[in-house]
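Asks: Chains as they are written, first to last, in the numbering used here: chain G, 23 to 250; chain C, 23 to 250. Ideal Cβ positions, reconstructed from N, Cα and C, are used throughout, including at glycine.
Put into structure tokens, the structure is as follows:
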């Protein structure tokens, strides 16, 4: 099966590239987060809320991945944080090669948090390692609680599941307990954060999780040569 | 760029396979429909409603495409129509090769309507022609009206856009006029059908569209040699 061998080579070379790119973050104690979801689950709104909550205390850079257009980049930049748009021109995911030029322009010495918003897709992005420390998957209540069974790789590759659009819970068929059970089968010990990015309810839990990771990352920042 | 040439070859060979498979449908005057959407937009619920409305008057076969699991096939089969589950084992779309075994088992002489439910994904399925006469994309109101700008290929390859979850319209930010305008830019003259597969509101318009296409297809059925 030459097709599979080719794909393995592509993935292995992406792994190596992402690892090299992540070294730049580690060198400066920057926290990297990759946010994934299906289309319209609320990734951008969550990033807007994050910028509102943390933008004055931390230096944040967002990389927006979209097949086309710059709608999300404009929304995020309006919140006063740095934002670069990557158009994948048809590709269903971001990878190290696509991130290269954007990563090259970032001054990591003046950064605390890098947020990468992946292409809206519950399949392909899970296959490509990005230069981050945590993968976050957003699932919204109108999508239904059967998604982990249908898209297992995405959930098994995630460290945090943000359950978004809690405000719609009374209007949709969504079994929160069933979703958590199905995800835990794929990834025991995973963190769940329930919120509504639209109303802001529960966003404090997401922000608290991020801040804890930001503090941990800062402590790992390598010592600099003293100025004297 | 060998990667692009390889992809072109894969797509061209899929086009030829899908065309050959569609001949089987045409030989027997069977209507083929490919339903696509992001995860959780309501494809399966729409197919359940279709089976309820047309299952007694037309012979329906459903092919369910999912990365893993048979949840959707079970749901559809419970409505009394034929259903085959295809697990793509990680692949983000259906194509002619994956459909082959299922297509080989279908008795098209005893069929009126073939419905293929594609993998929940607004990107990859649009690239692979399937053995059908119409592509239908389901977009649900909680996903937001910016989707055509971000996922243009899917909308430009569709003949019908089903706008689902109309029952949630009062609770979400969804600009119906903006969505239609953006889709028409990509595909002038496209058909929109607004409905709630959950409540059943507007499903009659979808059923009427399908029945009109079923009648047209039947008329095109080639004359059979008389029995005498």
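Decide if residue 33 of chain C is buried, meaning its Cβ has at least 16 other Cβ atoms within 10 Å, or exposed.
Replies: Exposed, since its Cβ has fewer than 16 Cβ neighbours within 10 Å.
Asks: Could you tell me if residue 24 of chain C is buried or exposed, where buried requires 16 or more neighbouring beta carbons within 10 angstroms of its beta carbon?
Replies: Residue placement at residue 24 of chain C cannot be trusted, given a pLDDT of 49 that sits under 50; what the coordinates show is reported in the next sentence. Residue 24 of chain C comes out exposed.
Asks: When DSSP labels each residue in this structure, what does residue 184 of chain G get in the three-state scheme?
Replies: Note: residue 184 of chain G maps to strand in three-state DSSP.
Asks: For a minimum of 3 consecutive residues, which ranges assigned as the beta strand (DSSP E) are wholly contained in the segment 123-161 of chain G?
Replies: For the segment 123-161 of chain G, whole beta strand (DSSP E) runs of length 3 or above, ordered along the chain, are 135-139.
Asks: Please decide whether residue 3 of chain C counts as near chain G, where near means a Cβ-Cβ distance under 8 Å.
Replies: Because chain C in this structure spans residues 23 to 250, residue 3 of chain C falls outside the shown range and cannot be described.
Asks: Is the beta carbon of residue 169 of chain C closer than 8 Å to that of residue 62 of chain G?
Replies: It is a contact, given that the beta carbons lie within the stated cut-off.
Asks: Helix, strand or coil for residue 39 of chain G, going by three-state DSSP, please let me know.
Replies: Looking at residue 39 of chain G - three-state DSSP - the assignment turns out to be helix.
Asks: Would the segment 92-104 of chain C and the segment 149-157 of chain C be scored as touching if the rule is three or more Cβ pairs under 8 Å?
Replies: No: the two stretches stay apart, fewer than three of their Cβ pairs being nearer than 8 Å.
Asks: Mind checking if residue 168 of chain C is an interface residue toward chain G, Cβ cutoff 8 Å exclusive?
Replies: Closer than 8 Å: yes.
Asks: Just the C-alpha distance for residue 240 of chain G and residue 49 of chain G, rounded to the nearest angstrom, thanks.
Replies: Computed Cα separation, rounded: 10 Å.
Asks: So, helix, strand or coil for residue 196 of chain C, using DSSP?
Replies: In the structure shown, residue 196 of chain C sits in coil (DSSP, three-state: anything other than H, G, I, E or B).
Asks: Starting from residue 68 of chain G and walking both ways along the alpha helix (DSSP H), at which residues does that stretch end?
Replies: First-last of the alpha helix (DSSP H) with residue 68 of chain G: 65-76.
Asks: Using a beta-carbon distance cut-off of less than 9 Å, what residues from the segment 141-153 of chain C approach chain G?
Replies: So the list reads 141, 142, 143, 144, 145, 146 and 149, given in the order they occur along the chain.
Asks: Using a Cβ cut-off of 8 Å (strictly closer), state whether residue 80 of chain C contacts chain G.
Replies: Answer no: the Cβ-Cβ gap between residue 80 of chain C and chain G never drops below 8 Å.
Asks: Could you have a look at residue 118 of chain C and say whether DSSP puts it in helix, strand or coil?
Replies: In the structure shown, residue 118 of chain C sits in a helix (DSSP, three-state: H, G or I).
Asks: In this structure, does DSSP put residue 191 of chain G in helix, strand or coil?
Replies: If DSSP states are grouped into helix, strand and coil, residue 191 of chain G belongs with the helices.
Asks: Evaluate residue 245 of chain C with the Cβ neighbour count: other Cβ atoms within 10 Å of its Cβ, from every protein chain shown; 16 or more gives buried, anything less gives exposed.
Replies: The residue in question, residue 245 of chain C, is exposed, as its Cβ has fewer than 16 Cβ neighbours within 10 Å.
Asks: Name the two residues that bound the continuous beta strand (DSSP E) containing residue 213 of chain C.
Replies: From DSSP, the beta strand (DSSP E) with residue 213 of chain C extends over 213-216.
Asks: For the segment 123-135 of chain G, list every residue whose C-beta sits within 9 Å of some C-beta in chain C, in sequence order.
Replies: Answer in chain order: no residues at all.
Asks: Using alpha carbons as the reference points, say which of C:229, C:233, C:88 and C:173 lies closest to residue 209 of chain C.
Replies: Minimum Cα distance to residue 209 of chain C is reached at C:173.
Asks: For residue 116 of chain G, go through chain C and note every residue whose CB falls closer than 9 Å to its CB, in chain order.
Replies: Correct list: empty, because the minimum Cβ distance to chain C is about 12 Å.
Asks: Closer than 8 Å is the cut-off here; do at least three beta carbon pairs connect the segment 105-118 of chain G with the segment 193-209 of chain C?
Replies: Not touching, per the Cβ criterion.
Asks: Using a 10 Å radius around the Cβ and a threshold of 16 neighbouring Cβ atoms, would you call residue 58 of chain C buried or exposed?
Replies: Residue 58 of chain C should be labelled buried.
Asks: What would DSSP say about residue 168 of chain C, mapped onto helix, strand or coil?
Replies: Residue 168 of chain C falls in the coil class under three-state DSSP.
Asks: Can you tell me which of C:43, C:147, C:216 and C:237 puts its alpha carbon nearest to the alpha carbon of residue 128 of chain C?
Replies: With distances taken between Cα atoms, residue 128 of chain C lies closest to C:43.
Asks: Taking the Cβ atom as the reference point for each residue, do residue 197 of chain C and residue 167 of chain C lie within a distance shorter than 8 Å?
Replies: Yes. Within cutoff.
Asks: Under a three-way DSSP split, which group does residue 31 of chain C fall into?
Replies: Of the three classes helix, strand and coil, the one that applies to residue 31 of chain C here is helix, per DSSP.
Asks: For residue 86 of chain C, which residues does DSSP report across the bridge?
Replies: Per DSSP, C:107 and C:139.
Asks: Indicate whether at least one CB of chain C lies closer than 8 Å to the CB of residue 90 of chain G.
Replies: Judged by the 8 Å Cβ criterion, residue 90 of chain G is in contact with chain C.
Asks: From the beta carbon of residue 180 of chain C, is the nearest beta carbon of chain G less than 8 Å away?
Replies: Judged by the 8 Å Cβ criterion, residue 180 of chain C is not in contact with chain G.
Asks: Can you check which of these residues, G:134, G:30 and G:109, is closest to residue 78 of chain G by C-alpha distance?
Replies: The option with the nearest alpha carbon to residue 78 of chain G is G:134.
Asks: Just how far apart, CA to CA, sit residue 73 of chain G and residue 137 of chain G?
Replies: Residue 73 of chain G and residue 137 of chain G: Cα-Cα distance of roughly 10 Å.
Asks: Could you give the C-beta distance for residue 125 of chain G and residue 148 of chain G, rounded to a whole number, given that I count them as a contact under 8 Å?
Replies: The pair is not a contact, with the Cβ atoms about 20 Å apart (cut-off 8 Å).
Asks: Taking the Cβ atom as the reference point for each residue, do residue 222 of chain C and residue 71 of chain C lie within a distance shorter than 8 Å?
Replies: Yes, they are a contact pair.
Asks: Counting only the same chain and skipping the five closest in sequence on each side, list residues whose C-beta sits under 6 Å from that of residue 235 of chain G.
Replies: Once the five neighbours on either side are set aside, the close Cβ partners of residue 235 of chain G are 53.
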